[in-house]
Amino acid sequence: GEWKGMGLGVHIRNKGYSQKMLHAIRYFDEDRKNNIVSTEELFDTAEMLPELYESREKSTAYFFTPLFFEDECFGYASVSYGDALRSYDDTYRRWIGSVSRGLEFLRREINMQQLQEQLDRLKSSKFSVSDRAYENLNPEEKSQYHLVSKILDENLLDYYFQPIVSAVDGSVYAYEALMRSRTDSKVPPLNIIKYAAMQDRLSDVERATFLNVLEFIDGHLSAFGDAMVFINSIPGVGLGEARLSELDTPLASHADKVVIELTEEAELKDSELDNLKNYFDKLGINIAVDDYGTGYSNVSNLLRYMPDFVKIDRSLLSDINEYTQKQHFVREIIDFCHDNGIKALAEGVETDEELHTVIKLGADLIQGYYTAKPSASVVRQIDEKCRARIKQFHQERIDGNSKRVHVAGKTNRISLSTLAKDGCTDIIIGSDDMVYKDISIIGTPQMKTDIHLLIQPEYRGTITLEDVYFTNVKNRPGIDIGENASVSLVLVGFNTLYRCGIQVPDSSKLVIEGDGSLLIDLDAAESYAIGNDFKSHNGEIVFNQDGLIRVKSRGKSSICIGSGMGGIIRINKGEYNFDVDTESSVCIGSVFGMVDINITTCRIDGEFASSVGTFIGSMENDASISITKSSVSLYDHGETLAAIGTLRGAMAYLKTRFISLTLNVMADASTALGALNGRSDLDISDTHLKVDASGKNALVFGGYSEDSNIVLANSDISVKIRTTLEKETFAREENIKINNSRTRIIVNGQEVEHTVNNDF
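Residue numbering for the sequence shown follows the numbering used here, beginning at 1437 and increasing consecutively.
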């Protein structure tokens, strides 16, 4: 009853047994002297069992059970209980399982012995394995076979270098050295390996690769810079102690630059692997596991190697964006790497979608034809557009946002409200297939969107903003200009960048035009409105607009127009209003870099509350400033300030012509004009200057150095200062030139007289 419904059972196809069967085990409980355990006693398979043909007094039953391993039937077991009534009970099933396992181990051992005998026969034969393989080659293959001999004999090997780039910003992190033949008829690298193996010369390839690449590094150190070089090691090929000692010195001299790529090999004994790792550890050289995800790849095997880098194989990354199973597997690999201090390298990335996915999954490094092809020369930087994509994808991962992108160019007008309804997050301008290069983005006044603008590297064109309202996450630009771009930004209506600014990289140019206005509202620990961050230079920024640019900044440190390291700033017209309340700030200029600022035909108003800062100039470096035909009005309050000039730079040069300059400065240590802690050259002409300053160590003209020159010509000067220094300047009297000017200088309520030279 219990067997009813079991059907036909499990069927394994049996291709039949050989003519002879090995009688491996024979056991009689009562007649033990005839028991055997043998690997030599055979009988005809057709007999099934020799004991069947023996004479006996009673009927006897035999149970025959086939023996299986996986889907192969390799023999059978037989048991007899004499004339007792028995069935396939649990004891029998347990017994047959043990027998099956034991005989499977025996079968494997016999197979190994047979294979070893075959190898021994081949070695003793006058025809080697390679000889037989050579005879099977066609004429073209034989030609390559002999060419490989020549390549190895004469070291006709060159190496191409493929960049391995950071998944954060696309900068070149390392290069992989890839073998090429230096012959008229090129031999593919895999064929070099194939024919070298047939000639038993893989160790020659290994030695040549190491020595050639190390020699190339020696001759091109400046080209490689800080980047590392990955060198492939052929799995299972030992160089021997003599050849290893030959590599000791060149490897040790580049230990901080070289990474040795090893392919996982299950056959590599633990002792051999330990020796290899100890050799590279002794020299201080990093290792990488190559082609992870194929062959013998598993976590336990990876733990044997414990490399510094894991190169995830192309087979796992191909079309990974379309296969969630691949994504789950690759994520597990990357997480394991990060948990164990290993960098995960995605190898063989060939599409934008694959790049996006592996960065999203957390890969540290990228290598593939999409980012850069191998090159005979050392490429210092990959394509800027590709770098921009890497930065974009990395930022998406950091922000945790899923992006919805609109690629502009099919029409010349973009409706911001339509994109906002569709959930768009990014507008990209500058793709290669743009029909229209000049784009107008039309918004609705004061309608906030979660959209920002990405301008591709090398874009050249005009972008009109009309009543747009862009935002982005903190510390990310609302308008992100790529490298080597030249952008004209035309303002129409009332435009807003909320908690984000305009990034202008060092290699690019931005010209702002139009009669509309732009409000940039910042609130972050570190921020910039128009320019670049604190660690970078800004590109050329030119202001040709007629409308108002207003910057509101709150936080710890801010730059309104400029960057941390400096760059070209030209203000040719327009109105500007700055409302700053930070711990440290620069309104127009640089924090650490030298500045050369030209301002003309504009109006600038500012309320500047900052503990440490400079309104126009540089905080830490020299400043050259020219202001003409303009009106500047500033209320400046803090602890240590240079209103127009430099705070800690060695020199400040200020030239004014036909301007109205009103400064109200309140700070313990300050100067209204010049270098607070350096030399000041002030050339003030045709200027209406009004200064009201106060502070324990406050000054008006120049700083604490007597090495300053002051020229006041054809100007109306009104100065009031309250200071414990009892003077408005440390400049020596002979270095103060006042010509054709009206001056009234009051220090602590007392008027100070300087010589005035009049030509009339």
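For glycine and all other residues, C-beta sits at the position ideal for the given N, C-alpha and C.
Note down, in chain order, each residue of its chain lying with its Cβ closer than 7 Å to the Cβ of residue i, except the 5 sequence neighbours on either side.
i: threonine 1481; result: Tyr1453, Ser1454, Gln1455, Lys1456, Met1457
i: isoleucine 1778; result: Pro1743, Asp1744, Phe1745, Val1746
i: methionine 2252; result: What is shown of the chain runs 1437 to 2196, which leaves residue 2252 out entirely.
i: alanine 1691; result: Leu1719, Gly1720, Ile1721
By DSSP, does residue i sit in helix, in strand, or in coil?
i: tyrosine 1905; result: strand
i: arginine 2180; result: strand
i: glycine 1452; result: coil
i: arginine 1740; result: helix
i: leucine 1687; result: helix
i: histidine 1774; result: helix
i: glutamate 1682; result: helix
i: isoleucine 1863; result: strand
i: aspartate 1520; result: The question names aspartate, yet the displayed sequence has alanine at residue 1520. In this structure, alanine 1520 counts as coil in the three-state DSSP scheme.
i: alanine 2059; result: strand
i: glutamine 1831; result: helix
i: aspartate 2152; result: strand
i: tyrosine 1581; result: helix
i: glutamine 1761; result: helix
i: methionine 1634; result: helix
Please state whether the Cβ-Cβ distance between residue i and residue j is less than 8 Å.
i: leucine 2135; j: glutamate 2162; result: no
i: leucine 2148; j: isoleucine 2120; result: yes
i: glycine 2025; j: threonine 2050; result: yes
i: valine 2192; j: isoleucine 2157; result: no
i: alanine 1659; j: alanine 1610; result: no
i: valine 1978; j: serine 1994; result: no
i: asparagine 2171; j: serine 2151; result: no
i: alanine 1780; j: cysteine 1773; result: yes
i: arginine 2178; j: isoleucine 2153; result: yes
i: leucine 2099; j: alanine 2079; result: yes
i: isoleucine 1653; j: valine 1695; result: no
i: isoleucine 1432; j: glycine 2003; result: One cannot answer for residue 1432 here, as it falls past the ends of the chain, which runs 1437 to 2196.
i: aspartate 1800; j: arginine 1825; result: no
i: leucine 1614; j: tyrosine 1595; result: yes
i: valine 1665; j: lysine 1693; result: yes
i: leucine 1958; j: arginine 1990; result: yes
At the level of alpha carbons, what is the spacing between residue i and residue j?
i: leucine 1444; j: valine 1641; result: Confidence in leucine 1444 is poor, its pLDDT being 44 and thus under 50, which makes the residue's placement too unreliable to answer from.
i: tyrosine 1570; j: leucine 1647; result: 29 Å
i: glycine 1952; j: leucine 1927; result: 5 Å
i: isoleucine 1850; j: isoleucine 1891; result: 15 Å
i: valine 1814; j: threonine 1847; result: 40 Å
i: glycine 1720; j: serine 1536; result: 50 Å
i: alanine 1702; j: arginine 1529; result: Because the pLDDT of alanine 1702 is 47, which lies under 50, any placement of that residue in the model is unreliable, and the question is left without a value.
i: aspartate 1903; j: leucine 1933; result: 11 Å
i: glutamate 2056; j: leucine 2090; result: 16 Å
i: leucine 1791; j: leucine 1738; result: 25 Å
i: lysine 2132; j: glutamate 2043; result: 21 Å
i: arginine 1740; j: alanine 1603; result: 27 Å
i: tyrosine 2140; j: leucine 2109; result: 12 Å
i: threonine 2092; j: serine 2062; result: 6 Å
i: methionine 2001; j: histidine 1973; result: 5 Å
i: aspartate 2195; j: arginine 2115; result: 29 Å
What residues in its chain sit with their C-beta under 6 Å from that of residue i, if we drop five residues either side in the sequence?
i: arginine 1767; result: Leu1797
i: aspartate 1727; result: Thr1699, Asp1749
i: tyrosine 1964; result: Gly1937, Ile1995
i: isoleucine 2040; result: Tyr2012, Val2068
i: leucine 1683; result: Phe1646
i: asparagine 1908; result: His1888, Gly1914, Cys1936
i: leucine 1946; result: Val1923, Val1940, Ile1977
i: asparagine 1668; result: Glu1697
i: valine 2048; result: Ser2020, Thr2076
i: aspartate 1916; result: Leu1890, Gln1939
i: threonine 2107; result: Ala2078, Leu2135, Gly2139
Would you verify that the beta carbon of residue i is, or is not, closer than 8 Å to some beta carbon of chain C?
i: valine 2155; result: In the structure shown, chain C cannot be found, because there is only a single protein chain.
Among residues of its own chain, excluding the 5 on either side of residue i, which ones have a beta-carbon nearer than 8 Å to its beta-carbon?
i: phenylalanine 1563; result: Any reading at phenylalanine 1563 needs caution, since the residue's pLDDT is 35, under 50, leaving its predicted position unreliable; the model's value is listed next. The answer is none, since no qualifying residue turns up.
i: leucine 1592; result: Lys1586, Ser1617, Arg1618, Thr1619
i: arginine 1816; result: Val1608, Ala1659, Gly1661
i: threonine 2159; result: Ala2129, Ser2130, Gly2131, Lys2132, Asn2133, Ala2134, Leu2135, Val2183, Asn2184
Do residue i and the ligand SAM come close, with the Cβ less than 7 Å from some heavy atom?
i: glutamate 1642; result: Among the ligands in the structure shown, none appear at all, so the ligand SAM cannot be discussed.
At a cut of 8 Å, does the stretch 1814 to 1827 reach the stretch 1915 to 1930 through at least three beta carbon pairs?
-> Cβ pair count under 8 Å is three or more, so yes.
Stretch-stretch touch, CB-based, cutoff 8 Å, three pairs: the stretch 1800 to 1808 with the stretch 1876 to 1894 | With the cut-off at 8 Å, the stretch 1800 to 1808 and the stretch 1876 to 1894 do not touch.
Any chance the stretch 1580 to 1599 sits against the stretch 1510 to 1525, with 3 or more Cβ pairs inside 8 Å?
-> Judged by Cβ distances under 8 Å, the stretch 1580 to 1599 makes no contact with the stretch 1510 to 1525, as fewer than three pairs qualify.
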